[in-house]
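Undergrad: Please read through the structure below; I'll follow up with questions.
In this note's numbering, the protein residues as written are 39 to 142.
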């Protein structure tokens, strides 16, 4: 497949999948420390602002974790699709079956 217009960097896709998984785990495992921290916020407007911030952070963190998970799945599916295509092309005699993409 030396005349192919497409080169798949499997090493890069593997690295992306791993890093997205690590980020997802890190953000998912951040504990809600509101109860521990509330006593340090002070009173009045500052405490209200901190309470709003923590509520917003929890919401955005949840969305971030979902986005990281979704993107990780897309990367994994992309990698799997290219590997399957490489295999099929090799079976048809259009490649050597060794996945000429980078990292393979």
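C-beta atoms are modelled at their ideal positions from N, C-alpha and C, and glycine is treated no differently.
Tell me which same chain residues have a C-beta within less than 8 Å of the C-beta of residue 65, skipping the five on either side of it?
TA: Once the five neighbours on either side are set aside, the close Cβ partners of residue 65 are 99, 102, 103, 106.
Undergrad: What is the C-beta distance between residue 120 and residue 46, in whole angstroms, given that I count them as a contact (C-beta under 8 Å)?
TA: Going by Cβ atoms, the distance from residue 120 to residue 46 rounds to 5 Å, so yes, they are a contact pair.
Undergrad: Compute the beta-carbon to beta-carbon distance between residue 55 and residue 117, rounded to the nearest angstrom, for a pair I have assumed lies under 8 Å.
TA: Yes, residue 55 and residue 117 are in contact; Cβ-Cβ is about 7 Å, under 8 Å.
Undergrad: If you count every other CB in all the chains shown that lies within 10 Å of the CB of residue 43, and 16 or more means buried, which is it?
TA: Exposed, since its Cβ has fewer than 16 Cβ neighbours within 10 Å.
Undergrad: Suppose the cutoff is 6 Å on Cβ atoms and the five residues either side in sequence are ignored; what does the same chain contact list for residue 109 look like?
TA: Closer than 6 Å at the Cβ level, and outside the excluded window around residue 109, lie 58.
Undergrad: Quick check: the Cα distance between residue 85 and residue 62, rounded to an integer number of angstroms?
TA: C-alpha separation (whole angstroms): 29 Å.
Undergrad: Buried or exposed for residue 97, please, with buried defined as at least 16 other CB atoms from any protein chain shown within 10 angstroms of its CB.
TA: Flag for residue 97 reads exposed.
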